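Each remark here refers to the structure printed beneath this line.
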Amino acid sequence: MKNHAFRGCSSLTRVTIPGSVTDIGQHAFQDCSSLTRVTIPGSVTDIGRCSFEYCSSLTRITIPDSVTSIHDWVFAGCSSLPSVTIPGSVTSIAHHAFNGCSSLTRALFLGDAPGEFDSDVFRNCADNFTVFHRPGKTGFETICSMYPCALMTTQAGIDVLLLTE
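For what it's worth, this note's numbering labels the leading residue of the sequence shown as -19, then goes sequentially.
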């Protein structure tokens, strides 16, 4: 998908990206103020910087396991986004990736902590923002020194968030 492909399309409300797409260009959906939901297929390996920046109505985003890096400012200013799940495939999250996501209360990490993680990734998120990670997953010391953390466990096949840390 080309850079700036749908930038500023204020009437766009939902997007399902087709399986033929392998990358989302920089600023592709930036400032799509009515966009509420995006489904990204497993064929996508790269989501360009600022792709969904200022999509202020976005309430749901699915990041597929095929993505290894979350670039800078990708979801910054998505002020209606309540939570995000980071797949275990992600090895780096660049600066300000979720900056200004003022409704973001939780980030669920399914794998080990990304080796590259900037201190401003979750800057200006909700006051009660918490990072959840699974027991036995490694590398969360640095992240947990920057943001409140808690354990996420699975009981009877259901993810359970434990607010004990």
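Note that the Cβ used here is the ideal one computed from N, Cα and C, for glycine as well.
If you're wondering where the values come from, they're calculated on a predicted model, not measured in any experiment.
- Inter-segment contact for the segment 57 to 69 and the segment 83 to 93 is present: three or more beta-carbon pairs are separated by less than 8 Å.
- DSSP, read as helix, strand or coil, puts Ser125 in helix.
- Ser37 is a Cβ neighbour of Ser14, given a cutoff of 9 Å.
- With contacts defined as CB atoms closer than 9 Å, Phe55 and Ala77 qualify as a contacting pair.
- Ranked by Cα distance from Thr110, the first of Cys35, Ala87, Asp11, Val(-5) is Ala87.
- Residue range 86 to 89 is occupied by the beta strand (DSSP E) that includes Ala87.
- Pro44 is not a Cβ neighbour of Val18, given a cutoff of 9 Å.
- DSSP places Phe109 outside both helix and strand once states are collapsed to three, so it counts as coil.
- Around the beta carbon of Glu33, 16 or more other beta carbons sit within 10 angstroms, so the residue counts as buried.
- Under DSSP, the beta-bridge partners assigned to Arg40 are Arg17.
- DSSP places Phe97 in the strand class (E or B) of the three-state scheme.
- Linking Arg40 to Ile20 through their CA atoms gives a straight-line distance of about 11 Å.
- In this structure, Ser0 keeps its C-beta atom at 9 Å or more from the C-beta atom of Gly22.
- Taking 8 Å as the upper bound for CB-CB distance, Ile27 and His7 are not in contact here, some 11 Å apart.
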